[in-house]
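One structure below.
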Amino acid sequence: MTYSFKNIIIRKPNKSIENALSSQNINPVFKNILEEHNNYVKVMNELNLKVNLLETLEDFPDSIFVEDPALIYKNNCIILNPSDPSRNGEKKIISNEIKEYFENIYFIENGFIEGGDILNIYNHFIIGLSNRTNKLGAENLSIILNSLGASVSICETPKNVLHFKSECSLIDEDVILVSSKMAKLDYLESNYNLIELPIGEEGAANSLRINDKLLVPEGFKKANDILSKNYDIINIKVSEIYKVDAGLSCMSLRW
Ligand code: CIR
């Protein structure tokens, strides 16, 4: 199952995150990031995941968002190719740090692709083309995933959405939680059951299903009302992390 996990990789926060990329041009406060991050790690421990903590990387302001430079599928790790120059160097470091956990390691050499644009649904992957992920990167990843027995569909990420998964997440067998922008994507609409969140609750669309719990960003009342009917929710504060366009899924790699 794509949300049945035993292990998780998380990176310890860096002070330089105060200079992380932010579409809103906001500098988050390190102390607040640390608090939110500590709580994230605590919840993952409480959910009985084996937490593998990577060391801080001060030279890379966005490096706690480990979802972007790597993808895990079965016993394979695929090192991706982040397009922002300030993030590209993360791939070499993380590949050395995590290769020991996996049987095979693959690399995307050509084209750009970031993990935030890749939604895994069992043996299927949806790759969203975005400002960070281009066609060449998506095609090269597809070749690797196909060789591992997975199928791939390539879609467009809506304009002004940083990553495909910034505003959607797999929360059940064939159920995808989506923002209203994502709900308009033909591919999602015709292939999955969508739970659409109202305008203003986009931040909650990056929720994270971990085994029998659904982790939902704190502060989205309507999303909570909708989701708590069918899911066992844990609210997690990520408002400081959200200032740099990130959320729950970005801060870990899970398998
Ligand atoms: C960035 O712009 O790369 C970071 N500030 C946010 C990365 C969020 N990652 C994700 O959605 N997977």
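Mapping the sequence shown onto numbering that gives the first Met the number 0, position 162 (from 1) lands on 161, and the numbers just tick up by one.
Even glycine gets a Cβ: it sits at the ideal position worked out from N, Cα and C.
So is the beta-carbon of residue i under 7 Å away from any non-hydrogen atom of the ligand CIR?
i           : result
residue 15  : no
residue 182 : no
residue 123 : no
residue 249 : yes
residue 203 : no
residue 35  : no
residue 114 : yes
residue 164 : yes
residue 89  : no
residue 57  : no
residue 237 : no
residue 129 : no
residue 83  : yes
residue 53  : no
residue 208 : no
Of all the options the options, which has the alpha carbon lying nearest to the alpha carbon of residue i?
i           : options           : result
residue 184 : 79, 202, 200, 158 : 158
residue 129 : 121, 3, 116, 120  : 116
residue 168 : 22, 209, 104, 146 : 209
residue 96  : 109, 56, 131      : 56
residue 136 : 213, 186, 77, 89  : 77
So residue i and residue j are in contact, right, with Cβ under 8 Å, and what is the actual spacing, rounded?
i           : j          : result
residue 140 : residue 93 : About 16 Å separates the two Cβ atoms, so there is no contact after all.
residue 237 : residue 34 : Incorrect: roughly 11 Å between the Cβ atoms, too far for contact.
residue 243 : residue 21 : 5 Å
query = Which residue spans inside the segment 183-250 form an unbroken alpha helix (DSSP H) run of at least 4?
reply = 185-190, 220-227, 238-241
request  = Please specify which runs of the beta strand (DSSP E), each continuous and at least 3 residues long, are wholly inside the segment 102-127, giving them in chain order.
outcome  = 103-106, 117-120
Ranges of the beta strand (DSSP E) found wholly within the segment 149-182, counting only runs of at least 3 = 150-155, 167-171, 174-177
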